[in-house]
Amino acid sequence: MRVRGALDNIRLRNKMLIIYFLSVLVPVILTNVIFYNITTNNVKKQKMDDLSLAIEQMRNEFLYQIDVVVGISTVLYNDSILNEYLDQQYDIPSDYVMNYHSYITDMLEKYAPVYRAIQNISLFTDNNTIIYGGSVLAISDIEKEDWYKRLESSRTSNPIIVRDTNSTTQPSISIVRKMSSAVGQTHYEKVIKIDLHPELIKQMFSNVMFEGNVILLADDEVQYESSPNENKEQGDKAHHAAEDGAIVLEENFPSVEYLEGWRISGEFQEWKVLEDVRKSREFVIYMALPNVLVPTLIIIWFTRSLNVRLIRILKHMKRVKNHSFETIDNEETKDEIGQLTTEFNRMTSQISSLIHDVYKADIQKKELELKRNQTQLHALQSQINPHFLFNSLETIRMRSLMKSEEETAKIIHHMAKIFRKSLSWGKDLVTVKDELELVESFLQIQKYRFGDKLNYRIEADDASLLELIPKMTLQPLVENASIHGIEPLKQGGKIDIHIERLEDKLIFTIMDNGIGMDEERVKLIYSYLESEEVIGERIGVQNVIYRLKLIYGDRFRLQIDSSPGQGTSIRLQITVE
1 MRVRGALDNI
11 RLRNKMLIIY
21 FLSVLVPVIL
31 TNVIFYNITT
41 NNVKKQKMDD
51 LSLAIEQMRN
61 EFLYQIDVVV
71 GISTVLYNDS
81 ILNEYLDQQY
91 DIPSDYVMNY
101 HSYITDMLEK
111 YAPVYRAIQN
121 ISLFTDNNTI
131 IYGGSVLAIS
141 DIEKEDWYKR
151 LESSRTSNPI
161 IVRDTNSTTQ
171 PSISIVRKMS
181 SAVGQTHYEK
191 VIKIDLHPEL
201 IKQMFSNVMF
211 EGNVILLADD
221 EVQYESSPNE
231 NKEQGDKAHH
241 AAEDGAIVLE
251 ENFPSVEYLE
261 GWRISGEFQE
271 WKVLEDVRKS
281 REFVIYMALP
291 NVLVPTLIII
301 WFTRSLNVRL
311 IRILKHMKRV
321 KNHSFETIDN
331 EETKDEIGQL
341 TTEFNRMTSQ
351 ISSLIHDVYK
361 ADIQKKELEL
371 KRNQTQLHAL
381 QSQINPHFLF
391 NSLETIRMRS
401 LMKSEEETAK
411 IIHHMAKIFR
421 KSLSWGKDLV
431 TVKDELELVE
441 SFLQIQKYRF
451 GDKLNYRIEA
461 DDASLLELIP
471 KMTLQPLVEN
481 ASIHGIEPLK
491 QGGKIDIHIE
501 RLEDKLIFTI
511 MDNGIGMDEE
521 RVKLIYSYLE
531 SEEVIGERIG
541 VQNVIYRLKL
551 IYGDRFRLQI
561 DSSPGQGTSI
571 RLQITVE
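Residue numbers for the sequence shown follow UniProt numbering, beginning at 1 and rising by one.
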């Protein structure tokens, strides 16, 4: 019962999502994850077996080539004629030359073309009666070599494998051994050195099906690397700590004396080895996508059929609470939601009809009262008809002229002109010329009030007079300059108004030599540019800035230059189209 109650509080869309996750998505993901893990483990095991087999094949190939070379060194070691020719003392150099060309060169050079592992065969001796050159050289040439010191310290005639770092091309691996002395001959020290071909070694250790680093080690000393580290030379002690994510495989050589302590180590990047695993992962993903997408589309289809229509009914029911009795536009459907929609429309129509019948008379009564109130308001407004004010001002002006009060009549004329223009403009935009006439009338009234204390000058070029601007744009700024700038002065003041058009810019400049403004007042006026407050019907600087910003937006610029006692200059710039 508790589970059922908990499910009753879950929205239908969420219930469908729960069904989808538990019955479709989770089983599909688990199945594919298990399948992927099994596939990955099988592929990884197969790749590891292939790698191990490749390392073993390289070891066997290297061992075979070494055995071949060791066998050739044994043949040379046991060749009595070769040993006799090398131990013989030559009083006449031509005797050695004859022996060298008749036997030694044939003996040494016949192996290199046959066995591709051999790059060069060299003999070293301390027999000073021999002419050194070709394949026979002096032991004094190699006394400082590490491999020769190692051979001397071994005190054995068995072959040993050394690494020759003085090779002319690249470090190579060589088999070296001491030779025996011929019977009855003077004993000289003799050494055989057979160099393995570096390209063959490179070929052997690069013949691997996966990219990686194959290392030939002897007593933990690196003898060869297929991909050497630039910061570490071959021959250094191997401190090989496998990189993160690397697979390391090793193969030891059989227990023979000359390969004791030798082994092959292969390091392979796991992500390269398991590239096929990634391909299988992509295959699993491609197989899983249809299993997820198809049920998802089906669930969305069924959910939309249920959820969208239920939400639409719910929204219309909420509108009923707000006295909106709209019916639902719905095609005739036979499922439960369709029947619910039909019954809701019937109920809504009945409620709307009932409300209309009950409140119709009351609504009509209120409409009659509203019309009666509007009629009374119009009657009150007619009592203060502007034409009555115009006629009254005109009567006072004519009376003043009859009494020779021309100055008073002139001021009354300007007042009537201001009042008539402010009420007669049908649109918010007027020409600059009309705006200046309003400003002129205002300044005449102010001059009548202050006398010689106020002087003014108006300049406007002809190109600007017919441009349209919002009405009452300049008059509030001029009024502000007169009342707040000039009136507090003890001596007289002056207001200059300059209007000009420069290309697509209409520039208004209002300057006065009044008391000026402090920095806080200037900042307050600039703040009106950022204010979003609706000013309403108030007339003032704030209202002017708000209306200009509303009409022109970014095409309007305001600049104020003022300081206490230094007067004020306000510059308006409008980009006209």
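All C-beta atoms, glycine included, are put in the ideal place defined by N, C-alpha and C.
Secondary structure of H197 (DSSP, three-state): coil. The three-state reading of DSSP puts M347 in helix, counting H, G and I together. Burial state of W301 is exposed, judged by a 10 Å Cβ sphere holding fewer than 16 other Cβ atoms. Under DSSP, K494 shares a beta bridge with N455. Judged by DSSP secondary structure, L524 falls within the alpha helix (DSSP H) whose first and last residues are 519-527. Within the DSSP bridge table, the entry for I574 names L506, F556 as partners.
Taking a contact to require three or more Cβ pairs closer than 8 angstroms, the region 92-103 and the region 123-142 qualify as touching. It is roughly 12 angstroms from the alpha-carbon of V191 to the alpha-carbon of S140. Judged by their CB atoms, Q119 and L196 are nearer to each other than the 8 angstroms cut-off. I525 is not a Cβ neighbour of V544, given a cutoff of 8 angstroms.
Note on geometry: alpha-carbon atoms of S531 and F442 lie some 29 angstroms from one another. In the assembly as shown, V70 is a buried residue. Its beta-carbon has 16 or more other beta-carbons within 10 Å. Closest by C-alpha distance to R263, out of E270, D220, T296, L297, is D220. For secondary structure counted as the beta strand (DSSP E) over 3 or more consecutive residues, the region 101-165 holds these complete runs in sequence order: 118-125, 136-138, 160-164. Look at Q223 here: in three-state DSSP terms it is strand. Between T156 and S135, the gap from beta carbon to beta carbon reaches 8 angstroms or more. Taking the C-beta atoms as reference points, R555 is found no nearer than 8 angstroms to I570. Inclusion of L86 and T125 in the CB contact set at 8 angstroms is warranted, their separation being smaller than that value.
Note on geometry: alpha-carbon atoms of E143 and M107 lie some 25 angstroms from one another. By a beta-carbon distance limit of 8 angstroms, I560 does not contact P470. Their separation comes to about 19 angstroms. Secondary-structure assignment with DSSP links R263 through a beta bridge to L217, N252. Around the C-beta of W271, fewer than 16 other C-beta atoms lie within 10 Å, and the residue is accordingly described as exposed. Boundaries around K178 are those of the beta strand (DSSP E), 172-178, since no alpha helix (DSSP H) includes it. Between L466 and K505, the C-beta gap is not smaller than 8 angstroms, which leaves the two residues out of contact. At a Cβ-Cβ threshold of 8 angstroms, S563 and G516 count as neighbours. Between the alpha carbons of S174 and S73 lies a gap of roughly 11 angstroms. Relative to A117, the option among D91, E199, I92, R309 whose CA is nearest is E199. Check the Cα spacing between I34 and each of Y148, L572, I285: the tightest is with I285. Membership of T40 in the alpha helix (DSSP H) is indicated by the continuous run 26-77. In the DSSP assignment, L429 falls outside any alpha helix (DSSP H) and lies within the beta strand (DSSP E) extending over 429-431.
Look at I499 here: in three-state DSSP terms it is strand. Cβ contact annotation for R501 (same chain, cutoff 8 angstroms, sequence separation greater than five): D461, A463, S464, E467, I507, V576, in chain order. Taking the Cα of E257 as reference, the smallest distance to any Cα among R59, V43, I160 is reached at I160.
K45 and A218 have their alpha carbons spaced roughly 29 angstroms apart. Residue pairing of A460 in beta bridges, as defined by DSSP: I499.
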